[in-house]
Amino acid sequence: MSKMDDLEAIRKKRLQELQRSLEARQYPAEPVVVTDTGFNQFISQYPLVVIDCWAQWCAPCRMLSPTIDQLASELQGKIVFGKLDTDHNPKTAQNMGISSIPTLLVFRQGHLVDRISGALPKQPLLQRLTPFIY
């Protein structure tokens, strides 16, 4: 391979990296507040969405919140996280059959593909979500 071929390969690789970086920036790096009125639009807007169903009074929900924030930042461009306050959005909570919180709802292409109950630590939660990332 010549030096010109090497330079071309490096240029292509860098261009692909920049493109992935730009695409990732279009995804939020922190959880988005989701409401009854915008729920369906939000879960359809991105290929992979995780909705954290929570309430202010829920201690396990508050324990899980920093983990969700970290994952939203670390997985930017792969998963978009949303937060649904079940006290203020009872219609969606009822439609989704939320009977205990925290509950994470995993949507792929707008369809519910998994439900995770309880305040899991970061690594087990990441292991549970990883199979859904393309």
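Residue numbers for the sequence shown follow the working numbering, so the first one is 359 and each next one is one higher.
Every residue gets a Cβ at the ideal spot worked out from N, C-alpha and C, and that includes glycine.
query                                                                             : result
D427: first and last residue of the uninterrupted alpha helix (DSSP H) it sits in : A417 to E432
Test item: CB-CB of A417 and D445 under 7 Å                                       : no
I401 and G468 closer than 7 Å at C-beta                                           : yes
Extent of the continuous alpha helix (DSSP H) to which K449 belongs               : P448 to N453
Sub-7 Å separation of Y385 and V438 beta-carbons                                  : yes
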